[in-house]
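FYI, the numbering for the sequence shown is 44 to 396, going by my numbering. Even for Gly, the Cβ is constructed at its ideal location relative to N, Cα and C. Since the model is a prediction, treat every value here as computed from it, not as a measurement. Down below is the structure, laid out as structure tokens.
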Amino acid sequence: MNRFYLLILAALASCAPAKRLPKKETGTTKPKNVVLMVGDGMGLAQLSLTQSAADYVLAIFEWFKVIGLSETASANDYITDSAAGATAFSTGSRTNNGMISVAPDSSALKTIAEEASEQGKSTGLLATCSITHATPAAFFAHQPSRKMNKEIAGDMYASGIDVFMGGGWPYFDSSRLVASGFAVKHGLDAFTGANEPKVAGFYSHAEHPPKMSEGRGNYLAPASVKMLELLNRNKTGFFAMIEGSQIDWGGHANDAAYLIEETKDFDKAVRAVLEWAKKDGQTLVIVTADHETGGLTMPQPAKPGTLPKAHFSTGDHSGIQVPVFAWGPGAEQFMGVYKNTDIYRKMKALMGH
Ligand code: MG
Ligand code: ZN
Numbered sequence: 044m045n046r047f048y049l050l051i052l053a054a055l056a057s058c059a060p061a062k063r064l065p066k067k068e069t070g071t072t073k074p075k076n077v078v079l080m081v082g083d084g085m086g087l088a089q090l091s092l093t094q095s096a097a098d099y100v101l102a103i104f105e106w107f108k109v110i111g112l113s114e115t116a117s118a119n120d121y122i123t124d125s126a127a128g129a130t131a132f133s134t135g136s137r138t139n140n141g142m143i144s145v146a147p148d149s150s151a152l153k154t155i156a157e158e159a160s161e162q163g164k165s166t167g168l169l170a171t172c173s174i175t176h177a178t179p180a181a182f183f184a185h186q187p188s189r190k191m192n193k194e195i196a197g198d199m200y201a202s203g204i205d206v207f208m209g210g211g212w213p214y215f216d217s218s219r220l221v222a223s224g225f226a227v228k229h230g231l232d233a234f235t236g237a238n239e240p241k242v243a244g245f246y247s248h249a250e251h252p253p254k255m256s257e258g259r260g261n262y263l264a265p266a267s268v269k270m271l272e273l274l275n276r277n278k279t280g281f282f283a284m285i286e287g288s289q290i291d292w293g294g295h296a297n298d299a300a301y302l303i304e305e306t307k308d309f310d311k312a313v314r315a316v317l318e319w320a321k322k323d324g325q326t327l328v329i330v331t332a333d334h335e336t337g338g339l340t341m342p343q344p345a346k347p348g349t350l351p352k353a354h355f356s357t358g359d360h361s362g363i364q365v366p367v368f369a370w371g372p373g374a375e376q377f378m379g380v381y382k383n384t385d386i387y388r389k390m391k392a393l394m395g396h
């Protein structure tokens with residue numbers, strides 16, 4: 044053995060065995076609050092198309108430095124639907140398409156919102172569709188089919204959810220909501236004026252709030268901030284899910300203008316939530332999608348005064364990975380390429396004691 048190797052051996056021997064660093068030294072700070080924002084059907088192409096059509100930088104492109112990719116498959120299909128997609132990040136388990144936070148054998152899977160409630164945190168849900176629709180449903184209901192709107196609504200009463208707003212009025216029993224402790228608010232103004240411990244907000248008495256192009260107005264951003272303020276009264280913290288629901292519907296319709304208006308509205312809510320979280324300093328904000336919708340590409344960007352050229356390859360979802368953006372305490376955990384179910388695991392680890 045020559046001198047060179049002896050030197051190397053001596054150097055190795057002098058190294059102390061690697062010590063596990065305590066949490067603080069690894070740089071991982073646990074957030075008090077977690078806000079998961081879901082742009083349904085919002086892949087990178089949807090964001091790029093919207094950016095091309097906008098005369099400002101999208102908040103999603105301006106704020107986030109931590110970016111990951113989520114593999115969106117469900118238990119029985121490489122291409123997920125929104126029910127299995129939301130179940131994946133709500134429960135950490137993949138299920139079959141169409142199922143709401145139950146395993147393929149229909150047994151209930153515990154959701155991140157239920158776990159937050161058990162920890163004494165407050166929970167809230169907000170959507171631009173019926174609150175019984177697949178994405179929000181996967182955070183409070185356990186049903187074998189997304190089509191069971193009445194049964195999904197029935198799971199709300201004892202769900203532990205503290206604040207929600209969206210459509211879905213036709214599926215609820217107002218007196219049962221009141222008996223379950225909810226103050227029922229009709230319309231955005233009533234919701235933003237609420238101060239009760241538990242609040243059920245309905246955009247209108249229709250099943251879904253309308254499209255942006257049909258007059259929904261500035262609802263998602265102010266309702267988001269109001270929900271965070273209501274939930275933030277809990278000193279233990281909160282979990283909230285906010286959905287830009289109709290980005291997906293623009294994709295299904297292969298309607299670029301619809302998709303762009305809905306993505307802009309969602310991005311506006313993201314900006315409002317990030318500005319709130321920046322002031323708060325203890326809130327982790329995650330923005331992602333359940334899947335991409337439309338198989339969208341952008342052969343040409345927008346020319347002044349026109350929409351960008353959009354090419355859709357399907358009227359359904361695609362299996363392409365979707366971006367995950369994270370900001371705030373613990374955000375760095377969301378770097379890398381991982382399964383949709385890992386979004387649950389990362390949130391759970393950060394929300395644990
Ligand atoms: Mg949805
Ligand atoms: Zn869809």
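Rounded to whole angstroms, glycine 244 and asparagine 76 show a C-alpha spacing of 21 Å. A distance below 8 Å between beta-carbons, with the five flanking residues on each side excluded, links serine 91 to the following residues of its chain, in chain order: Met341. Annotation: the continuous alpha helix (DSSP H) that includes threonine 134 extends over 125 to 134. The ligand ZN has no heavy atom closer than 6 Å to the beta-carbon of aspartate 120. Burial check for asparagine 192: the Cβ neighbour count within 10 Å reaches 16 or more, so the residue is buried. Placement of the Cβ of threonine 336 at a distance of less than 6 Å from at least one heavy atom of the ligand ZN is found.
The alpha carbon of methionine 284 has as its nearest neighbour, out of Glu105, Ser117 and Ala177, the alpha carbon of Ala177. At least one heavy atom of the ligand ZN lies closer than 6 Å to the C-beta of aspartate 291.
DSSP places proline 351 in the coil class of the three-state scheme, outside both helix and strand.
The C-alpha of valine 330 is placed about 13 Å away from the C-alpha of glutamine 376. Note: phenylalanine 368 is bridge-paired with Ile110 and Val330 in the DSSP secondary-structure output. The stretch 343 to 353 makes no contact with the stretch 278 to 292, as fewer than three CB pairs between them are under 8 Å. Residue nearest to lysine 321 within the set Thr336, Trp292 and Pro372 is Pro372 (criterion: CA-CA distance). Excluding residues up to 5 positions away in sequence, Leu317 and Trp370 lie with their Cβ nearer than 7 Å to the Cβ of tryptophan 106 in the same chain. Between valine 313 and serine 113, the gap from beta carbon to beta carbon reaches 7 Å or more. Beta-bridge annotation (DSSP): glycine 209 is paired with Phe245.
For valine 268, no pairing in a beta bridge is given by DSSP.
Histidine 248 sits exposed, since fewer than 16 C-beta atoms from the chains shown fall within 10 Å of its C-beta.
Annotation: glycine 167 to valine 242 spans about 9 Å, alpha carbon to alpha carbon. Distances from the alpha-carbon of histidine 185 to those of Met142, Ala156 and Lys382 put Met142 closest. Residues close to the ligand MG by the beta carbon criterion (under 5 Å to any non-hydrogen atom) are, from first to last along the chain, Asp83, Ser125, Thr178 and Ser288.
If you ignore the 5 residues before and after tyrosine 262, its C-beta comes within less than 6 Å of the C-beta of Leu231, all in its own chain and listed in chain order. Taking one beta carbon from each stretch, the stretch 255 to 275 and the stretch 121 to 132 have fewer than 3 pairs nearer than 8 Å; the two do not touch.
With fewer than 16 other beta carbons inside 10 angstroms of its own, aspartate 98 counts as exposed. Residue pairing by DSSP puts serine 173 in a beta bridge opposite Gly210.
Segment contact: the stretch 271 to 280 against the stretch 251 to 259, fewer than three CB-CB distances shorter than 8 Å; contact not assigned. With at least 16 other beta carbons inside 10 angstroms of its own, alanine 102 counts as buried.
Around the beta carbon of arginine 137, 16 or more other beta carbons lie within 10 angstroms, which makes this residue buried. Between valine 81 and alanine 332, the beta carbon gap of about 6 Å places them in contact (Cβ cut-off 8 Å).
For histidine 229, the enclosing beta strand (DSSP E) stretches over residues 226 to 229. Sixteen is the threshold: when 16 or more other Cβ atoms of the shown chains lie within 10 Å of the Cβ of lysine 228, as they do, the residue is buried. Beta bridge pairing from DSSP links threonine 340 with His354.
Counted as a single uninterrupted DSSP element, the stretch harbouring tyrosine 301 is not any beta strand (DSSP E) but the alpha helix (DSSP H) occupying residues 299 to 323. Around threonine 235, the same chain offers Pro265, Ala266 and Lys269 as residues with beta carbons nearer than 8 Å, after the five sequence neighbours per side are excluded. Beta-bridge partners of tyrosine 262 (DSSP): none assigned.
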